[in-house]
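Worksheet for the structure shown next.
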Amino acid sequence: MPKEFPRTRRVGEQIRRELAQLIRVEIDDPRLAMVSITTVAVSPDLSRAKVYVTILGDSGERAVLIEKLNHFAPRLRHQLSRVMRIRKMPSLAFVYDQVIEHGTRLSSLITAAVAADTARHQSDGDEDPFAST
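Listed below in structure tokens is the structure:
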């Protein structure tokens, strides 16, 4: 019977939960209060974990905060190893997660396309094909 959740996924989820707490406690920087860990992708051999985070702010500030998180990665890894009790604690690499940014961009493009289409139909004098009669 196959496992419902592979081990790497379970470890990644646990790392995500524990890191959220550790970042608030271990790193004394109020700017990091706005960091959200979206996903943790763990390699199959559990040697590496890529931590995807979202950060509010401009791209320059994001780069500084990602660099700061990567600077503290060994310390956070050490603290994680004390909490998680797994044989091999993956090394951590923090990366900015662009999914929300891409989603917002796509949403605005769709809204603009719908608005342009509606304006074109209204200027042509066509009735709304989706309106109920």
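Counting with the working numbering, you get residues 12 to 144 for the letters of the sequence shown. Virtual Cβ for every residue (Gly too), placed ideally from N, Cα, C.
Among the candidates Ala126, Gln25, Ile121, whose CA atom is the shortest distance from the CA of valine 53? Gln25
Does the distance from the C-beta atom of threonine 19 to that of proline 41 stay below 8 Å? no
Return helix, strand or coil for lysine 79, following the three-state DSSP convention. helix
Sufficient close CB pairs (3 or more, under 8 Å) joining the segment 21–39 to the segment 55–64: yes
Between which residues of its own chain and asparagine 81 is the CB-CB distance below 6 Å, once the five residues before and five after are set aside? Phe105
Buried or exposed for proline 13, going by 16 or more other Cβ atoms inside 10 Å? With a pLDDT of only 49 at proline 13, under 50, the local geometry of the prediction cannot be trusted, and no value is derived from it.
The alpha helix (DSSP H) that contains leucine 30, what's its start and end? 18–37
What does a CB cutoff of less than 6 Å around tyrosine 107 pick up in its chain, not counting 5 residues either side in sequence? Arg73, Ile77
For a quick check, are the C-beta atoms of valine 94 and glutamate 29 less than 8 Å apart? yes
Segments of 3+ residues assigned as beta strand (DSSP E) that fall wholly inside the segment 58–134: 59–66, 102–107
DSSP beta-bridge partners for alanine 52? Lys61
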